[in-house]
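In my numbering, the protein residues as written are 1 to 271.
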């Protein structure tokens, strides 16, 4: 299995910016946290896993950790306000917290399963935006939403997940239009396959983990997944002044996977 190397870019394009990252203890969230920190931001990680969150923050130069269940609106409101008050400002929130459940048909997906996915993946994003915006208007800040390739193109056996990710994209466009006059930019990133602990956990649950990971890489024309830092670099760009004329957009970070969408299945059918 091929994977990208970690970037060592040390530009300070986020210097003096305060950034909240939900679900920042692991995976793409931690990739964003480490890259934002490298670019000079003060990073506040929100996560319900207190051990992992505290450990992640300690790995950063300017890291902070706040325990928070992102599905709890009172907790989200409180921690965002207290972060802005304590650190004096808020320049960006990265709405990353979410979960991709195991493959499940719509017949096997209960209404409760669907509601839980909406609450975690979509409602938490709405709350992050809603409670951060009063502070972001003061700093002419930005919002980065971690959506998904699945929200752009759909994914079989993942109807609830795909629906929540498509909802995030709609929220991105709607809020970008609504908040443009306030000079607050809202953009999304839609990654395809990323080498995260969740991906590794999924593979480990199968009879041949390495074959499973290789099969995932095989869906990418380049034969590899993204690293968490590669997604973090896109987020850092969107949060920086380099992206000052970009809002309401979703960057499809798939290294060409959508260009060959369905090709593997067609090839199998033809043999």
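We put the CB at the ideal spot given by N, CA and C, even for glycine.
Distance CB(residue i)-CB(residue j) smaller than 7 Å
i           : j           : result
residue 145 : residue 188 : yes
residue 92  : residue 23  : no
residue 147 : residue 190 : yes
residue 13  : residue 240 : yes
residue 80  : residue 159 : no
residue 124 : residue 71  : yes
residue 136 : residue 184 : yes
Where residue i falls, given that 16 or more other Cβ within 10 Å makes a residue buried
i           : result
residue 164 : buried
residue 218 : exposed
residue 26  : buried
residue 256 : exposed
residue 128 : buried
residue 235 : buried
residue 111 : exposed
residue 230 : buried
residue 206 : exposed
residue 208 : exposed
residue 57  : buried
residue 254 : buried
residue 37  : buried
Rounded C-alpha distance that separates residue i from residue j
i           : j           : result
residue 120 : residue 169 : 15 Å
residue 17  : residue 166 : 29 Å
residue 195 : residue 126 : 26 Å
residue 174 : residue 248 : 8 Å
residue 30  : residue 69  : 17 Å
residue 41  : residue 15  : 5 Å
residue 233 : residue 32  : 7 Å
residue 150 : residue 78  : 31 Å
residue 62  : residue 90  : 14 Å
residue 244 : residue 211 : 42 Å
residue 97  : residue 177 : 24 Å
residue 250 : residue 52  : 29 Å
Contact with chain D by residue i, beta-carbon distance below 7 Å
i          : result
residue 88 : In the structure shown, chain D cannot be found, because there is only a single protein chain.
Cβ separation of residue i and residue j, assumed to be a contact under 8 Å, to the nearest whole Å
i           : j          : result
residue 131 : residue 76 : 6 Å
residue 94  : residue 19 : 7 Å
Would you say the stretch 61-80 touches the stretch 36-45, given that touching needs at least three Cβ pairs under 8 Å? Taking one beta carbon from each stretch, the stretch 61-80 and the stretch 36-45 have 3 or more pairs nearer than 8 Å; the two touch.
Do three or more CB pairs link the stretch 147-161 to the stretch 213-232 at distances below 8 Å? As far as the Cβ criterion goes, the stretch 147-161 does not touch the stretch 213-232, which means the pair count is below three.
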